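What follows is a short report on a single structure.
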Amino acid sequence: MARRRKKQTPRRQRRSLHRRVNVRELRQRFLIVCEGEKTEPNYFNSFRVPKAVVEVVGVGMNTVDLVRKALDLKQKDDICMSVC
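What the sequence shown shows, in numbering that gives the first Met the number 0, is residues 0 to 83, in sequence order.
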């Protein structure tokens, strides 16, 4: 004869009593750094994308300084995201 299973109560249905760790969803964000101060940022800001997802910065610098500025902005954003 087959053995009967006990009816599971809500407490038995729980899988674990441990805290969940590292389950926060990562928000995807984009930083666009442009050489031009007005034209390129206006172009990227014209897209229908929420401002929380895309940040456009026009710095008006040459290529090497532009890359340095982009790395600096990313580092500041990483620090802010870990503290804020």
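Backbone N, C-alpha and C fix where the C-beta goes; we use that ideal spot for every residue, glycine too. Since the model is a prediction, treat every value here as computed from it, not as a measurement.
Under a Cβ-count criterion, where at least 16 other Cβ atoms within 10 Å of its own Cβ denotes burial, should residue i be classed as buried or exposed?
{"i": "Val22", "result": "exposed"}
{"i": "Val66", "result": "exposed"}
{"i": "Val52", "result": "exposed"}
{"i": "Val32", "result": "buried"}
Compare the Cα-Cα distances from residue i to each of the options and report the closest residue.
{"i": "Lys37", "options": "Lys68, Val66, Gly59", "result": "Gly59"}
{"i": "Lys50", "options": "Asn61, Arg28, Gly57", "result": "Arg28"}
What do you reckon, are the CB atoms on residue i and residue j nearer than 9 Å?
{"i": "Gly34", "j": "Val55", "result": "For the record, residue 34 in the displayed sequence is Glu; it is not Gly. Contact flag unset, no."}
{"i": "Asp64", "j": "Leu30", "result": "no"}
Which class does residue i belong to by DSSP, given the choice of helix, strand or coil?
{"i": "Glu39", "result": "helix"}
{"i": "Val55", "result": "strand"}
{"i": "Leu65", "result": "helix"}
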